[in-house]
Amino acid sequence: MNLAHLHLLLNHFPIIGTVVGVGLFLFSLAGKNDDLKRASLIIFAVMALLSLPTFFSGVGAEGAIVELPGVSNVLIDRHEGAAILALFFMEITGALSLAGLWQSHKVSRPARWNVASVLLFSLITVGLMARVGTTGGDVRHPEIRASADPAANEGTLGSIVQAFEPSPAKFTKLMTADKYWWAFMMDMHFIGLIMIIGAVGALDLRMLGFAKALPIASVHRLVPWALAGFAINVTTGVLAFIGMPAFYTYDIAFWIKIFAVLLLGLNAAAFYLTDTFKVVEHMGPGEDAPPSAKFIAASSLVLWLGVITLGRYIQLYQSTISTR
Amino acid sequence: MALPLFLRSIEESSFSTWLRETESPFGFYFVLLFHTFGLALLVGANALVDLRLLGFSPSIPLAPLKRFFRIMWIGFGINATTGVLLLISYPTKAVTNPVFYAKLIMIGFAIWILTKLQKEVFADTTATEADMMARGASLAKWSLALWVGAISAGRLLAYTFKHILYPF
Numbered sequence: 001m002n003l004a005h006l007h008l009l010l011n012h013f014p015i016i017g018t019v020v021g022v023g024l025f026l027f028s029l030a031g032k033n034d035d036l037k038r039a040s041l042i043i044f045a046v047m048a049l050l051s052l053p054t055f056f057s058g059v060g061a062e063g064a065i066v067e068l069p070g071v072s073n074v075l076i077d078r079h080e081g082a083a084i085l086a087l088f089f090m091e092i093t094g095a096l097s098l099a100g101l102w103q104s105h106k107v108s109r110p111a112r113w114n115v116a117s118v119l120l121f122s123l124i125t126v127g128l129m130a131r132v133g134t135t136g137g138d139v140r141h142p143e144i145r146a147s148a149d150p151a152a153n154e155g156t157l158g159s160i161v162q163a164f165e166p167s168p169a170k171f172t173k174l175m176t177a178d179k180y181w182w183a184f185m186m187d188m189h190f191i192g193l194i195m196i197i198g199a200v201g202a203l204d205l206r207m208l209g210f211a212k213a214l215p216i217a218s219v220h221r222l223v224p225w226a227l228a229g230f231a232i233n234v235t236t237g238v239l240a241f242i243g244m245p246a247f248y249t250y251d252i253a254f255w256i257k258i259f260a261v262l263l264l265g266l267n268a269a270a271f272y273l274t275d276t277f278k279v280v281e282h283m284g285p286g287e288d289a290p291p292s293a294k295f296i297a298a299s300s301l302v303l304w305l306g307v308i309t310l311g312r313y314i315q316l317y318q319s320t321i322s323t324r
Numbered sequence: 325m326a327l328p329l330f331l332r333s334i335e336e337s338s339f340s341t342w343l344r345e346t347e348s349p350f351g352f353y354f355v356l357l358f359h360t361f362g363l364a365l366l367v368g369a370n371a372l373v374d375l376r377l378l379g380f381s382p383s384i385p386l387a388p389l390k391r392f393f394r395i396m397w398i399g400f401g402i403n404a405t406t407g408v409l410l411l412i413s414y415p416t417k418a419v420t421n422p423v424f425y426a427k428l429i430m431i432g433f434a435i436w437i438l439t440k441l442q443k444e445v446f447a448d449t450t451a452t453e454a455d456m457m458a459r460g461a462s463l464a465k466w467s468l469a470l471w472v473g474a475i476s477a478g479r480l481l482a483y484t485f486k487h488i489l490y491p492f
């Protein structure tokens, strides 16, 4: 398994998963089915999460083939620009889906504005992801290209979308042009981590038995702060990656950190999609959470501390993955 | 103006040199990691209490939040210790950077406010929540502002230093 292989494996999720999500979402609207709607929001959130390692592994995939004969830098850059634009819309779809899921928890269904915006952003995402897939395929599959010429030829729709796709090289330069911009992004990354640790930490500690006088339901109301912090950190994280792609790509600490974040997604699924949350959410002051909840809370804390640790060690573990 | 020589003596000591140059993962980065843990505990817990005093998440009862002060002090202890170790690793870098002093001053005031919160708002167990919020609102605002400032100053230390080690 190398980064190129990982990229080819993961790219199926943002491209196909979003189509499945949109399909289920549309059926849920037609059938006025709230459970199905919630399931499609979960799919969008999961695809948004998986899009991150998909995007990050692209740099490694590029590194593996860029020197080979017949591989066009122009096609690679076009694919990367398409990916950046699609990632932007994918993450917004994911954020809106999490907001919708939170609303479903409070009032049994997402608000109308949320349904409308998820529909809009997910449809745009599916379209953009299709373009990412095609431009990616063009890099190594001359048999699918419209013309034999390896230069990037655009149809009408392609030319319109192209206008919105950033040049990866220019974006990278922009992120590192000013050291105070970089310092600001890192600063916001720490503020985000405090919002996450404060909210999730308080909930996890309460479930583990700390400060039992607090009712679990009230502490759980802090979760939107954690989601906001996570949104800040995904944003600053992706921008930082674009600013120094090779630095992060070939760093084992960075990849283990991303893997830990994926495990946290699994942890959240274990909490919310099983009985555990139903049992725990109405617990009042003094009540002790069941062992399954304690396990989920403990693993959540360990994983978040792991994320912080790995993040701090990125600088020390530079160039620990071979470029080949 | 020449820099005081004691900075060089600290950097040349075997402990300081070990922290900076060791291949072991338990050197400088380990200390820095625990500095991050400490701030997550201290500022995470303090921010939680501050935001509650300012009226966010009103369903959380105020009185039990008293227990979070212990977490704050544990975080502070970790950071005071790791802070000293970081200072021993790169004394010239810190002492010649005005941002470092701004950070320490903001932390000083933030901790002072923390003790005021502990003594004036949370000590009286008979006070009503409305009382506590009335007494604590202004302290909470300053606390949040100072912690955001301290964290930003801390983050900026990596980008604003004039000297990394004693210049020869």
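These protein sequence lines are chains A and B, in that order.
Heads up, the first sequence is in this note's numbering, so the first residue is 1 and it goes up one at a time.
Heads up, the second sequence is in this note's numbering, so the first residue is 325 and it goes up one at a time.
Every residue gets a Cβ at the ideal spot worked out from N, C-alpha and C, and that includes glycine.
With 16 or more other Cβ atoms inside 10 Å of its own Cβ, A:Ile15 counts as buried. For B:Gly401, the enclosing alpha helix (DSSP H) stretches over residues Phe392 to Ser413. Under the DSSP assignment, A:Asn233 falls in the alpha helix (DSSP H) whose first and last residues are Val223 to Gly243. In this structure, B:Gly478 and B:Lys427 form a Cβ contact; the two beta carbons are roughly 5 angstroms apart against a cut-off of 8 angstroms. Contacts between A:Leu214 and chain B, judged by CB atoms closer than 7 angstroms, involve Ile384, Pro385 and Pro388 in chain order. Contact annotation: the stretch 301 to 319 of chain A touches the stretch 248 to 261 of chain A, with at least three C-beta pairs closer than 8 angstroms. Out of B:Pro491, B:Ala474 and B:Ile334, the CA that lies nearest to the CA of B:Leu410 is found in B:Ile334. Minimum Cα-Cα distance from B:Ala404 among the listed residues B:Lys465, B:Leu480 and B:Leu365 corresponds to B:Leu365.
Residue state for A:Met207 is assigned as helix, using DSSP reduced to three classes. With a contact defined as Cβ atoms closer than 8 angstroms, A:Leu222 and B:Ser383 miss out at about 10 angstroms. B:Tyr483 reaches chain A at Lys179, Tyr180, Trp182, Ala183 and Met186, counting residues in chain order whose Cβ is nearer than 9 angstroms.
Remark: C-beta atoms of B:Leu441 and B:Leu463 approach each other more closely than 8 angstroms. In the structure shown, A:Met1 adopts coil according to DSSP, grouped into three states. Here the alpha carbon of A:Ser108 sits roughly 39 angstroms from the alpha carbon of A:Pro166. Rounded to whole angstroms, the separation of the alpha carbons of B:Gly460 and A:Glu62 is 55 angstroms. By the C-beta density criterion, A:Lys37 is buried, having at least 16 other C-beta atoms within 10 angstroms. The Cβ atoms of A:Gly192 and A:Phe164 lie no closer than 8 angstroms to each other. Per DSSP, B:Asn370 is one residue of the alpha helix (DSSP H) stretching across Phe352 to Leu377. Annotated as distal: B:Trp471 and B:Ala369, with beta-carbon spacing of 8 angstroms or more. Interface criterion not met: the Cβ of B:Arg332 is under 8 angstroms from no Cβ in chain A. For B:Val472, the nearest CB of chain A lies under 8 angstroms from its own CB, placing it at the interface with that chain. Between the alpha carbons of A:Ala39 and A:Asn33 lies a distance of about 10 angstroms.
In this structure, the alpha-carbon of B:Asp374 lies about 7 angstroms from that of B:Lys465.
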